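Position one of the sequence shown corresponds to residue 4 (my numbering), numbered consecutively onward. First up is the structure itself, then whatever we jot down about it.
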Amino acid sequence: MMMIDKDTGLMTRPNTPWHLWLVGILAVLWNSIGALDFVMTQVQHEDYMANFTDAQKTFFYSMPIWAVAAWAAGVWAAFIGSVLLLLRSRFAVVAFIASLVGMAVSFSHNLAAGSLELMGGPVYLIMTAVIVVIGVALSLSVFALDA
């Protein structure tokens, strides 16, 4: 929301509230984890992939390109949205919505492909739910930019 400065008569933007900085910084850190996971999995980093079973590695390495693209969209759009949130850009909402679409496609593929038990059963479902809830919350946080 723009305001008119009483002294200069110029349009100014109010200072960024501390809670927006807190949410933005936490969002960048959170989404950096997803970005790191995506990159390390895609480049098949030996030390990183040592944390996965052979069956899990096979699952990751055999994902169809459209599922990898959806995963990439979900991860990178969320990261970019977090940066845009810090910059107080209205385009953050577009990035977060793109991220939610990428997540929906990616998680749907993973569940349809039978990854539930492969990735840890209920723990995988809980982590997926946490990721989606945080994604939705970040999408809604953009509306605080006008506050």
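All C-beta atoms in this analysis are idealised placements derived from N, C-alpha and C, irrespective of residue type, glycine included. It should be emphasised that the depicted structure is a prediction, and the values quoted were computed from it without experimental measurement.
Do you know whose CA, among ASN54, GLN45 and THR61, lies nearest SER118's CA? Your numbering for residue 118 matches position 115 in the sequence shown. Checking every option, the nearest Cα to that of SER118 belongs to THR61.
Taking GLY211 as part of the alpha helix (DSSP H), name the residues at either end of that continuous run. Past the boundaries of the shown model lies residue 211; the chain is included only from 4 to 150, so the question cannot be answered.
So, under 8 Å CB-CB, ALA101 and ALA76 are touching, yes? Tell me the CB distance rounded to an integer number of Å. Counted from its first residue, the sequence shown places residue 101 at position 98. Counted from its first residue, the sequence shown places residue 76 at position 73. Right, their Cβ atoms sit about 6 Å apart.
What alpha helix (DSSP H) runs, 4 residues minimum, are completely inside the segment 40–70? Within the segment 40–70, the complete alpha helix (DSSP H) runs of at least 4 residues are 49–52 and 57–64.
Can you tell me whether SER92 is helix, strand or coil according to DSSP? Taking the first residue of the sequence shown as 1, we reach residue 92 at position 89. Correct three-state label for SER92: coil.
Within 7 Å, strictly: CB atoms of VAL26 and SER144: In the sequence shown, counting from the first residue as 1, residue 26 sits at position 23. In the sequence shown, counting from the first residue as 1, residue 144 sits at position 141. Yes, they are a contact pair.
Where GLY123 falls, given that 16 or more other Cβ within 10 Å makes a residue buried: Taking the first residue of the sequence shown as position 1, residue 123 is located at position 120. Exposed: under 16 other Cβ atoms inside 10 Å.
Closest by C-alpha distance to ALA30, when choosing among SER109, LEU89, VAL126 and ALA116: Along the sequence shown, one-based indexing puts residue 30 at 27. Here the closest residue by C-alpha is LEU89.
For ALA140, which three-state DSSP category applies? Locating residue 140 in the sequence shown gives position 137, where the first residue counts as 1. Looking at ALA140 - three-state DSSP - the assignment turns out to be helix.
Collapsed DSSP secondary structure at GLY84 in the structure displayed: For this step, residue 84 is matched to residue 81 along the sequence shown. Helix, per DSSP.
Which residue from HIS22, ASN113 and LEU32 puts its Cα closest to that of ILE68? Stepping through the sequence shown from its first residue, residue 68 is reached at position 65. Nearest option by C-alpha distance: ASN113.
Output yes or no for whether 7 Å exceeds the beta carbon distance between ALA38 and PHE99. Start at 1 with the first residue of the sequence shown, and residue 38 comes out as number 35. Start at 1 with the first residue of the sequence shown, and residue 99 comes out as number 96. No. Outside cutoff.
ALA73 by DSSP, collapsed to three states: which one? The count along the sequence shown starts at 1 and reaches residue 73 at position 70. Looking at ALA73 - three-state DSSP - the assignment turns out to be helix.
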